[in-house]
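Peer 1:
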Amino acid sequence: MDVHPPYLYPDYKSTRLRAPSEPLVRVAPSPLEATGPVFPKHFVKDSEADLTTWGRSAPLGEKMVLVGRLLDEDGRPVRRSLIEVWQANASGKYPHPVDDHEAPLDPNFLGKGQVLTDDEGRYRIVTVKPGAYPWQNHAFGWRPAHIHFSLFGNAYAQRLITQMFFPGDPLLAIDPIFQSVPEAGRRLLIADLDLEQGVEGVALGYRWDMVVRGPRATPMGV
Amino acid sequence: MPKPTPSQTVGPFFARELLWKDGGGVLFPGRGDRITLTGRVFDGNGAPIYDALFETWQADAVGKFPSGDDGSRPYGYGRVSTDSDGRYAVETVMPGSFTGPGGERYAPQISVAIFARGLLKGLRTRVFLAPLELIKDDPLARAIGDPDRLRTLIAARDAGDPKIYRWDVRLRGAGEAVFIEF
Ligand SMILES: [Fe+2]
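In order, the protein sequence lines correspond to chains A and B.
Residue numbers for the first sequence follow the numbering used here, so the first one is 1 and each next one is one higher.
Residue numbers for the second sequence follow the numbering used here, so the first one is 1001 and each next one is one higher.
1. Check whether the segment 1115-1124 of chain B and the segment 7-14 of chain A touch, using three or more Cβ-Cβ pairs below 8 Å as the test.
2. Once DSSP output is grouped into helix, strand and coil, what is the label at residue 185 of chain A?
3. Compare the beta carbon distance of residue 1009 of chain B and residue 211 of chain A with 7 Å and say whether it is the shorter of the two.
4. I'd like to know if residue 1147 of chain B contacts chain A, where contact means its C-beta is closer than 7 Å to some C-beta of that chain.
5. I'd like to check one pair, residue 1077 of chain B with residue 1057 of chain B: are the Cβ atoms closer than 7 Å?
6. Closest to residue 1155 of chain B by C-alpha separation, out of B/1086, B/1112, B/1142, would be which residue?
7. Going by DSSP in three states, residue 1014 of chain B sits in which element: helix, strand or coil?
8. Below 6 Å, is the gap between the Cβ of residue 1032 of chain B and the nearest heavy atom of ligand 1?
9. Let me make sure I understand the geometry here. Which of A/129, A/18, A/100 has the alpha-carbon closest to that of residue 1049 of chain B?
10. How far does the beta strand (DSSP E) with residue 1144 of chain B in it extend, from its first residue to its last?
11. Using Cβ-Cβ distances below 7 Å, what residues of the segment 158-175 of chain A are close to chain B?
12. Comparing the C-beta of residue 1081 of chain B with each C-beta of chain A, is any distance below 7 Å?
13. For residue 55 of chain A, which residues from the same chain have a beta carbon less than 7 Å from its beta carbon, with the 5 sequence-adjacent residues on both sides left out?
14. Residue 26 of chain A versus chain B: which residues are under 9 Å apart at the beta carbon?
15. Given the structure, does residue 1011 of chain B come close to ligand 1, in the sense that its CB is under 6 Å from one of the ligand's heavy atoms?
16. Compile a chain-ordered list of the residues in the segment 1057-1073 of chain B whose CB is closer than 8 Å to at least one CB of chain A.
17. Is it a yes or a no for the segment 198-210 of chain A touching the segment 1013-1028 of chain B, going by three-plus beta-carbon pairs under 8 Å?
18. For residue 1140 of chain B versus residue 1124 of chain B, is the C-beta spacing smaller than 7 Å?
19. In the DSSP assignment, find the beta strand (DSSP E) that holds residue 1035 of chain B and state where it starts and stops.
20. So is residue 70 of chain A in contact with chain B if we call contact Cβ pairs under 7 Å?
21. Any beta-carbon of chain B closer than 7 Å to the one on residue 135 of chain A?
22. Confirm, please, whether the CB-CB distance from residue 27 of chain A to residue 1143 of chain B is below 7 Å.
23. Residue 1038 of chain B versus chain A: which residues are under 7 Å apart at the beta carbon?
24. From residue 197 of chain A to residue 68 of chain A, what does the alpha carbon distance come to, in whole angstroms?
25. What ranges does the beta strand (DSSP E) occupy inside the segment 133-173 of chain A, keeping only unbroken runs of at least 3 residues that lie completely in it?
26. Just to make sure I have the definition right: I need the residues of chain B whose C-beta is within less than 9 Å of the C-beta of residue 138 of chain A. Which are they?
27. Output the distance between the C-alpha atoms of residue 219 of chain A and residue 25 of chain A, rounded to the nearest integer angstrom.
28. Starting from residue 1183 of chain B, find everything on chain A with Cβ-Cβ shorter than 7 Å and list it in chain order.
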């Protein structure tokens, strides 16, 4: 069963002019696409996994630790693979010129980080919980709190960009971007509270595992 | 068997986070003919898409797949965004053709991924850097069949500057490019 959203999801208005109208052509990944960019170890500094130490002092907001594993569909760990994250600050504001949300920037928070998975596919990032923010897709629309993720896997065919959400968020029910995912897939986008991964008295712990497709799965029905 | 993580849109706020200085200059360890792949990305109304992330992954000049890095960034990978006119440009080497495990011949091509606000899943395709007559045996060309559809994936060599290959990408509607899934 497909857990991915469709391209055309009219409740998310921007899909109406950007979703292809022709069916996609299904092909096997080429041998080129079964390989992918290799990021050198020193492409990522250890400090880039902690989004809270970028400024002169701590950013505002609820500090959190997020841990998890990156696996492929066969359950194998995806090792030494780049994970990029970006997010709004605790007020729901991005330091981005096109973000017109009237909320304060945080001089101590850039909202950008990256990490390489270890030999067991594990990652750990430290950040603050992003705030929800309004958007103009529909009347009174607010995006639930989310962290954006960019994944490479170990093959270009595995490339995936997605978003992670928080458990129990009432805004999930009114978010067309989240709701575009078929019901069977929605749970997969929500992190679990995992207090022991946090730091006692300092940071809440969350866990979120991610799964990318196999590097060279053969096309179905061909 | 774990289920794959569903895709979500890259949204409008990726620029500062995902773009690199010189991300449009694709690195290779060896030599090769330097070319520029450039064009514009359009929506279903023919309006330019000014907030797309455009990525490339390709073989080197002799059809070998890149592995490793130059110490700073991976070889073979390009990443840019479109500008206010919907234009992207990637400066790279002319990729060589390569052979698949069953002996299939892959024509000179670049694997492309496009992410944008309004795209709940990244769009995947391959752009050919060779004319129609020379790509007929390529596995994707065979899968598409219809030459009019196939032409949406052929970059045109600039008449005035042979180092420039022009490829416009219409996401929806008249002249819509062929997109692929694995
Ligand atoms: Fe966002």
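All residues carry an ideal CB built from backbone N, CA and C; glycine is no exception.
Computed from a predicted model, the values in this text were never measured in an experiment.
Peer 2: A quick look at the data gives this:
1. yes
2. helix
3. no
4. no
5. yes
6. B/1112
7. coil
8. no
9. A/18
10. Segment 1139-1144 is the alpha helix (DSSP H) holding residue 1144 of chain B; no beta strand (DSSP E) there.
11. 159, 160, 161, 162, 163
12. no
13. 107, 108, 109
14. 1143, 1180, 1181, 1182
15. yes
16. 1057, 1058, 1059, 1065, 1066, 1067, 1068, 1069, 1071, 1072, 1073
17. no
18. no
19. 1034-1042
20. no
21. no
22. yes
23. Residues of chain A passing the Cβ test: none, with the nearest at roughly 21 Å.
24. 10 Å
25. 146-151, 160-165
26. Here the premise fails: no neighbours, minimum Cβ distance about 14 Å.
27. Caution is warranted here: a pLDDT of 43 is assigned to residue 219 of chain A, below 50, making its placement in the model unreliable, and no coordinate value can be reported.
28. Nothing can be reported for residue 1183 of chain B, as the shown portion of chain B is limited to 1001 through 1182.
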